[in-house]
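Participant:
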Amino acid sequence: MKLRLARHALGDAVVVAVEGELDLFTAPFLRDEVRDAIKQDGARLVLDLQQLSFMDSSGLSVLIEAWRLATGEGGGVCLAAPQAPVARILRTTGLDRRIKVYSDVDSAVGEI
Numbered sequence: 001m002k003l004r005l006a007r008h009a010l011g012d013a014v015v016v017a018v019e020g021e022l023d024l025f026t027a028p029f030l031r032d033e034v035r036d037a038i039k040q041d042g043a044r045l046v047l048d049l050q051q052l053s054f055m056d057s058s059g060l061s062v063l064i065e066a067w068r069l070a071t072g073e074g075g076g077v078c079l080a081a082p083q084a085p086v087a088r089i090l091r092t093t094g095l096d097r098r099i100k101v102y103s104d105v106d107s108a109v110g111e112i
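Per UniProt numbering, the sequence shown starts with residue 1, numbered consecutively.
If you want it as structure tokens, here you go:
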């Protein structure tokens, strides 16, 4: 499955919806989208992971980079609605302790 990305503003945050599989081949597309979103729309970023079915270490690397970029610009990153396989990876690696995870996009936007 391919990776599909959609970006929109919600309040004073930017939401990037991630759908499909985030792996070695698709991670560069999300990396570019995150960089563009922060540059063009600001450093308050929510990654909507509700439709993300798979993520490997390349995807984790992009999430870490997004967090570093956004916090470096005075903003932040939140993750919203990861499904069980992705949530498990976030917990196992401890990334959920670095980047806050919320059950839905609205909750994430309200807290970022």
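All residues carry an ideal CB built from backbone N, CA and C; glycine is no exception.
The structure presented is a predicted model; accordingly, all values stated were derived computationally and were not measured.
1) Are there 16 or more other CB atoms within 10 angstroms of the CB of residue 9, so buried, or fewer, so exposed?
2) Measure the C-alpha to C-alpha separation of residue 11 and residue 48 and round it to an integer number of angstroms.
3) Can you tell me where the alpha helix (DSSP H) holding residue 83 begins and where it ends?
4) State the DSSP-derived secondary structure class of residue 100, mapped to helix, strand or coil.
5) Along the chain, which unbroken stretches of the beta strand (DSSP E) at least 3 residues long are found entirely within the UniProt domain "STAS" (3–112)?
6) With burial defined as no fewer than 16 other Cβ atoms inside 10 Å of the residue's Cβ, what is the status of residue 80: buried or exposed?
Facilitator: Taking the structure as given:
1) Here residue 9 is exposed. Its C-beta has fewer than 16 other C-beta atoms within 10 Å.
2) Going from the Cα of residue 11 to the Cα of residue 48 covers about 15 Å.
3) That residue, residue 83, is in no alpha helix (DSSP H); it is neither H nor E in DSSP.
4) Correct three-state label for residue 100: strand.
5) Whole beta strand (DSSP E) segments, 3+ residues: 4–10, 13–22, 44–55, 76–80 and 100–102.
6) Residue environment analysis places residue 80 among the buried positions, since at least 16 neighbouring C-beta atoms fall within 10 angstroms of its C-beta.
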